[in-house]
Amino acid sequence: MKKIMLLSLITVFITVSCGQKNKEATATSSGKTEKAAELYACPMHPEVTGASGGECSECGMELTEKVVQTIPTEKELTLVETKVKSGAVLKTESADKTTFPTDAIVSNYLKIKNALTKDDSKGAAIAAKDLHAILNSSSATSLDTKLKNKYNAFVADAKVNVKHIGDNAGKMEHQRTYFSLLSKDVFDLIKAFGTKQTVYQDYCPMYGAGKNGYWISETQDVINPYFGAEMLNCGRRIGAVQ
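Residue 213 in numbering that gives the first Met the number 0 sits at position 214 of the sequence shown, and the numbers go up by one each step.
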């Protein structure tokens, strides 16, 4: 009798243990599947999705915005099936539309800078208008109060400077004056929020009596946006902006 009871206990223990392992294995497998199925969207083109770290097919930016994938109801599944059969295109929305596009801001700032190094006033104006649109569409609601105040202050100031650059094609000196102010804004933005791009701060002592001749650059070479062809390599590297 004791042997029978002992065997019964062992059987129960093995059954429970195996059942627990099966649950753990199922949970682990489910976790891996869920992780593998995660999608990320482009900050500038939320309709473009893919694996984390991939590149946007529209602009080349990294896919960083996590996409929310909800479990559809039976009614929704029926609607999806109907749309698929009818040839309708289905799009995935970005998970967090409130995330501000820091890297896009820096990239468009650099387009303004590069246009000014080439004495291209019209190109600088076009890039400035693109940046103004990005600033208008950005939001800081996902930040805490302190960082939100910093970001909103940046946007308010940067929009004024960018508008002056965008509205004054053909007036190179006017554009460069406001570019120097925008450069300070972008420097403060990067210091506060960072950027995935490697950028440097350069300085020209010949511009603005040595007070305002700063700019942000993505190149190792010093290429001056304040004098262009007149003194293209005037200035020096201060260091990387982190």
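All C-beta atoms in this analysis are idealised placements derived from N, C-alpha and C, irrespective of residue type, glycine included.
Can you check DSSP and say which residues form a bridge with E172? Answer is none; E172 lacks a bridge partner.
Cutting at 8 Å between CB atoms, please list the residues of its own chain near L76, excluding the five before and the five after it. Any reading at L76 needs caution, since the residue's pLDDT is 45, under 50, leaving its predicted position unreliable; the model's value is listed next. Taking L76 as the centre and dropping the five residues before and after it, the same chain places no C-beta closer than 8 Å to its C-beta.
Report back the beta-carbon spacing between V161 and A208 to the nearest angstrom; my notes put them in contact at under 8 Å. The beta-carbon separation of V161 and A208, rounded to 24 Å, does not stay under the 8 Å limit for a contact.
Three-state secondary structure (DSSP) at T48? Look at T48 here: in three-state DSSP terms it is strand.
Specify the secondary structure class of K242 as computed by DSSP and reduced to three states. Past the boundaries of the shown model lies residue 242; the chain is included only from 0 to 241, so the question cannot be answered.
Which residues mark the beginning and the end of the beta strand (DSSP E) in which Y199 is found? Residues Y199 to Y202.
Output needed for E229: all residues of its chain with C-beta closer than 7 Å, excluding positions within five of it in sequence on either side, in chain order. Setting aside the 5 residues that flank it on each side, E229 has no residue in the same chain whose C-beta is closer than 7 Å to its C-beta.
If you run the structure through DSSP and keep just helix, strand and coil, what is E37? Looking at E37 - three-state DSSP - the assignment turns out to be coil, as it is neither helix nor strand.
Just the C-alpha distance for M171 and V185, rounded to the nearest angstrom, thanks. For M171 and V185, the distance between alpha carbons rounds to 20 Å.
Does the stretch 104 to 113 come close enough to the stretch 204 to 221 that 3 or more CB-CB pairs lie under 8 Å? Taking a cut-off of 8 Å on C-beta distances, the stretch 204 to 221 touches the stretch 104 to 113, as three or more cross pairs fall below it.
From the DSSP secondary-structure annotation, give me the bridge partner or partners of G53. As far as DSSP is concerned, G53 takes part in no beta bridge.
Can you give me the Cβ contacts of A114 inside the same chain, cut-off strictly under 7 Å, excluding the 5 residues immediately before and after it? Non-local beta-carbon contacts of A114 in its own chain, meaning distances under 7 Å to residues more than five positions away in sequence, involve G122, A123 and A126 in chain order.
Quick one: grab the DSSP three-state call for I189. DSSP, reduced to helix, strand and coil, places I189 within a helical segment of the structure shown.
Which residue's Cα is closest to the Cα of A191: V240, G52 and H131? By alpha-carbon distance to A191, the top candidate from V240, G52 and H131 is V240.
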